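Working notes for the structure below.
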Amino acid sequence: MRLKNRSRLIPWYFALPGLLWLLVFFLIPLLNQLNVSLLTGDPEAGYELTWAFSNYTDAIREYWPQIRRSLGYAGVATVIDLIIAFPLAYFIAYRAGKWKGFLLLMVVLPFFMSQVLRTVSWQLLLTDNGWIVERLRDVGLVSEKGRVLATSTAVIGGIAYNYLPFMVLPLYASLERLDRRLIEAATDLYASRAVAFRRVTVPLATPGIFAGSLLVFIPAAGDFINASLLGSSKQYMVGNVIQSNFLTVLDYPTAAALSFLLIGIILIGIAIYSALLGTKTLTEAAG
Amino acid sequence: MAATPTVGKATTEIVAPAGAGDRTAKARTWGLGLWSVLAILFLFLPIGVAVLFSFNEPAGRFNFTWQEFTLDHWAHPFRDPDLARSLKNSILLAIVSTIMAVALGTLLAIALVRHKFRGRGAADFFVFIPMATPEVVLGASALGLFLVAGVNTGFATLVIVHVMFTISYVVVTVKARLQGMDPHIEEAARDLGASEWQAFWRVTLPTIAPGVVSAAVLAAALSVDDYVVSSFTAGQTQTFPLFIFGATKQGVPPEVNVLATMLLLGILLLLGLNLGVQKALARRDKKRIAGA
Numbered sequence: 149m150r151l152k153n154r155s156r157l158i159p160w161y162f163a164l165p166g167l168l169w170l171l172v173f174f175l176i177p178l179l180n181q182l183n184v185s186l187l188t189g190d191p192e193a194g195y196e197l198t199w200a201f202s203n204y205t206d207a208i209r210e211y212w213p214q215i216r217r218s219l220g221y222a223g224v225a226t227v228i229d230l231i232i233a234f235p236l237a238y239f240i241a242y243r244a245g246k247w248k249g250f251l252l253l254m255v256v257l258p259f260f261m262s263q264v265l266r267t268v269s270w271q272l273l274l275t276d277n278g279w280i281v282e283r284l285r286d287v288g289l290v291s292e293k294g295r296v297l298a299t300s301t302a303v304i305g306g307i308a309y310n311y312l313p314f315m316v317l318p319l320y321a322s323l324e325r326l327d328r329r330l331i332e333a334a335t336d337l338y339a340s341r342a343v344a345f346r347r348v349t350v351p352l353a354t355p356g357i358f359a360g361s362l363l364v365f366i367p368a369a370g371d372f373i374n375a376s377l378l379g380s381s382k383q384y385m386v387g388n389v390i391q392s393n394f395l396t397v398l399d400y401p402t403a404a405a406l407s408f409l410l411i412g413i414i415l416i417g418i419a420i421y422s423a424l425l426g427t428k429t430l431t432e433a434a435g
Numbered sequence: 041m042a043a044t045p046t047v048g049k050a051t052t053e054i055v056a057p058a059g060a061g062d063r064t065a066k067a068r069t070w071g072l073g074l075w076s077v078l079a080i081l082f083l084f085l086p087i088g089v090a091v092l093f094s095f096n097e098p099a100g101r102f103n104f105t106w107q108e109f110t111l112d113h114w115a116h117p118f119r120d121p122d123l124a125r126s127l128k129n130s131i132l133l134a135i136v137s138t139i140m141a142v143a144l145g146t147l148l149a150i151a152l153v154r155h156k157f158r159g160r161g162a163a164d165f166f167v168f169i170p171m172a173t174p175e176v177v178l179g180a181s182a183l184g185l186f187l188v189a190g191v192n193t194g195f196a197t198l199v200i201v202h203v204m205f206t207i208s209y210v211v212v213t214v215k216a217r218l219q220g221m222d223p224h225i226e227e228a229a230r231d232l233g234a235s236e237w238q239a240f241w242r243v244t245l246p247t248i249a250p251g252v253v254s255a256a257v258l259a260a261a262l263s264v265d266d267y268v269v270s271s272f273t274a275g276q277t278q279t280f281p282l283f284i285f286g287a288t289k290q291g292v293p294p295e296v297n298v299l300a301t302m303l304l305l306g307i308l309l310l311l312g313l314n315l316g317v318q319k320a321l322a323r324r325d326k327k328r329i330a331g332a
């Protein structure tokens, strides 16, 4: 009897330390943040809980451009990454042969150099009189006095660059798993290659498309490194506002309200996306 | 017999367009290959630039235009004491938080995969949410709690948040390994008289070792590169990414490029070691099975 009790407790010995860590340093801070988002006051006099739901409406009114930008930039970057990553993942999964492992390593490798420094390198590459911008001027894509830095193009490009591997890996995993006999069956049954691709390959790769898009969209919507380094205040996103309100302006309630608005944006983004894709539940995509 | 020629004819009919299809299939493969090469070049372009400019002698403060080749920065990468300290902090932080996250995460993964207990599904979901939460929210909320609790931010709070945001990745990685493993081996060990702990130390842990090592490499890489969460919880402590970000306004010194390249090589070395360990462990397992 004693022994039985002990072994029933064992999963808890194993699970508890980790779960407690997440409880104390993730969940409780999040709940505290929810509380903070309903405070009123100012940095000098202090804040008190007044259930100020107006913090949310005020934050939306004041920071609507940044909110819209976060949604827009993250959405466009996700689409760009999907376009770049699908052929790449397809090639690695089906055509790369013995190069498969090497190519996968090449996709992950950029992760291992400092993200901030990579973004600084883009700053250097896209600098006003740099080689790339001069060539773009030559072909007329950038006007004589035009810039690439401090535009939404640079920020979206930077975001797409940063999170590209997150799109490639799940796409690769779902294509790799896909039973290719189904594609053969489709072509045997007189589907053209294009039709087989559209009606068989893409639907079967949907879990990968969904997972990859989430892995790109979520961090992209909260990103502020790219907007800080490649953009100007005209490209600032919600992340920039949260950071400056928390660390410089010390307007904690607004920063907290924006945090939850950001989570809201992400949930809305996911809902729209899954409706478009016809994925019924999140768990289906995860599986 | 009479049907044979028809079959033969049909075959030749199919082969003919297939020949043309072969060419388009080849063209398609080439197209896909070219696209892939370009995509990978895109991924490597800023890395190439960062490495290249570690050999540059900048004219002013900004290391933005190529001036002249020098090995000077490679010879004295630690010239700036603040930079050296920030890198030391980052590496120490990565080591401490990786050890803690791997310990907590591995145990948690074992509990989630191997044991059926009430609330397991909820725990599973709970572990997943931090990965789905934007880093800026993780950092801001953690700082909010430290402010309320009156905790001074610094190295200790950095360790706390780094463990927090890497645990989930450790759990996912170790879980994947556990799920591919036969639970009957542990049961066999217990049937043969091993206690719960003996079975854990002598059977479970050695079998999941490759997953644990991979999880450690992943956690270390995530920790050493983190800017966003650290920017909220570092206090006066500088980490390497924080130093670089701070330096962007006055110009990033080329020593940063040198150290970042070294860090990249260091992580590659770790990955190589990991691969070696995995292979050695696989060989060990094979030998054991052959021996048994």
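From first to last, the protein sequence lines are chains Y and U.
Using the working numbering, the letters of the first sequence correspond one by one to residues 149 to 435.
Using the working numbering, the letters of the second sequence correspond one by one to residues 41 to 332.
Even glycine gets a Cβ: it sits at the ideal position worked out from N, Cα and C.
Every value quoted in this text rests on a predicted model; they were computed, and no experiment measured them.
Query, Result
"Tell me which residue opens and which closes the beta strand (DSSP E) that ASP190 of chain Y is part of.", "187-190"
"Please confirm if ALA403 of chain Y has its CB atom under 8 Å from at least one CB of chain U.", "yes"
"Could you say which of Y:GLY360, Y:ALA359 and Y:ALA333 lies nearest to ARG347 of chain Y if we only look at CA atoms?", "Y:ALA333"
"With the cut-off set at 8 Å, would you say GLY291 of chain U and ASN103 of chain U are in Cβ contact?", "yes"
"Along the region 164-178 of chain Y, where does the CB come closer than 7 Å to a CB of chain U? Name the residues.", "PRO165, GLY166, LEU167, TRP169, LEU170, PHE173, PHE174, ILE176, PRO177 and LEU178"
"Closest to THR69 of chain U by CA distance: which of Y:ARG243, Y:PHE408 and Y:TRP270 is it?", "Y:ARG243"
"Alpha carbon to alpha carbon, how far is VAL210 of chain U from PRO401 of chain Y? Give it in angstroms, no decimals.", "33 Å"
"Run down chain U in chain order and give the residues with a C-beta less than 7 Å from the C-beta of THR275 of chain Y.", "PHE104"
"Quick check on LEU197 of chain Y: does DSSP put it in helix, strand or coil?", "strand"
"Under a Cβ-count criterion, where at least 16 other Cβ atoms within 10 Å of its own Cβ denotes burial, should LYS319 of chain U be classed as buried or exposed?", "exposed"
"Can you find a C-beta in chain U that's less than 8 Å from the C-beta of ASN203 of chain Y?", "no"
"Reducing DSSP to helix, strand and coil, say where PHE104 of chain U ends up.", "coil"
"Would DSSP call ASN203 of chain Y helix, strand or coil?", "helix"
"Quick one: residues in its chain with C-beta nearer than 8 Å to the C-beta of TYR204 of chain Y, no 5 flanking neighbours on either side, listed in chain order?", "SER185, ALA405, PHE408 and LEU409"
"Quick check for students: name the residue ranges of the alpha helix (DSSP H) that lie wholly in the region 234-320 of chain U, counting only runs of 4 or more.", "236-239, 245-265, 268-273 and 280-287"
"I need the straight-line Cα distance from LYS66 of chain U to ASP222 of chain U, nearest angstrom please.", "42 Å"
"Is the region 366-384 of chain Y in contact with the region 323-340 of chain Y, if contact means three or more CB pairs nearer than 8 Å?", "no"
"Compute the distance between the beta-carbons of LEU218 of chain U and VAL177 of chain U, then report whether it is under 8 Å.", "no"
"If we define contact as Cβ-Cβ less than 8 Å, is PRO318 of chain Y a contact residue for chain U?", "no"
"Using 8 Å as the threshold, is the region 126-136 of chain U in touch with the region 264-280 of chain U, meaning 3 or more CB pairs across them?", "yes"
"Confirm, please, whether the CB-CB distance from ALA344 of chain Y to ASP331 of chain Y is below 8 Å.", "Looking at the sequence shown, residue 331 of chain Y is not Asp but Ile. Closer than 8 Å, so yes."
"Which of helix, strand or coil does DSSP assign to PHE109 of chain U?", "strand"
"In whole angstroms, what is the alpha-carbon distance linking LEU425 of chain Y and LEU352 of chain Y?", "12 Å"
"Going along the chain, which residues of its own chain have a beta-carbon closer than 8 Å to the beta-carbon of ARG101 of chain U, five neighbours each way excluded?", "GLN290 and GLY291"
"Would you identify the three-state DSSP class for ASN387 of chain U, choosing helix, strand or coil?", "This structure does not reach residue 387 of chain U, given that chain U is present from 41 up to 332, and the question cannot be answered."
"When DSSP labels each residue in this structure, what does GLY161 of chain U get in the three-state scheme?", "helix"
"For LEU317 of chain Y, which residues of its own chain have a beta-carbon under 6 Å away from its beta-carbon, when the five flanking residues on both sides are left out?", "none"
"At a CB-CB cut-off below 7 Å, which residues of chain Y make contact with ASP265 of chain U?", "SER262 and GLN263"
"When the Cα atoms are used, what is the spatial distance from PRO177 of chain Y to ARG328 of chain U?", "48 Å"
"Do VAL214 of chain U and ASN314 of chain U have their CB atoms nearer than 8 Å?", "no"
"Going by CA-CA distance only, name the one from U:SER235, U:PHE195 and U:SER94 that's closest to GLU108 of chain U.", "U:SER94"
"Looking at chain U, is there any beta carbon in it that lies within less than 8 Å of the beta carbon of ASN374 of chain Y?", "no"
"Starting from ALA149 of chain U, trace the alpha helix (DSSP H) in both directions and tell me its first and last residue.", "121-154"
"Expressed to the nearest angstrom, what Euclidean distance is found between the alpha-carbon atoms of ILE414 of chain Y and ILE225 of chain U?", "43 Å"
"Anything in chain U within Cβ reach of MET254 of chain Y, meaning under 8 Å, just list it in chain order.", "ILE80, LEU83 and PHE84"
"Taking the straight line between their C-alpha atoms, what separation do you get for LEU321 of chain U and PHE186 of chain U?", "42 Å"
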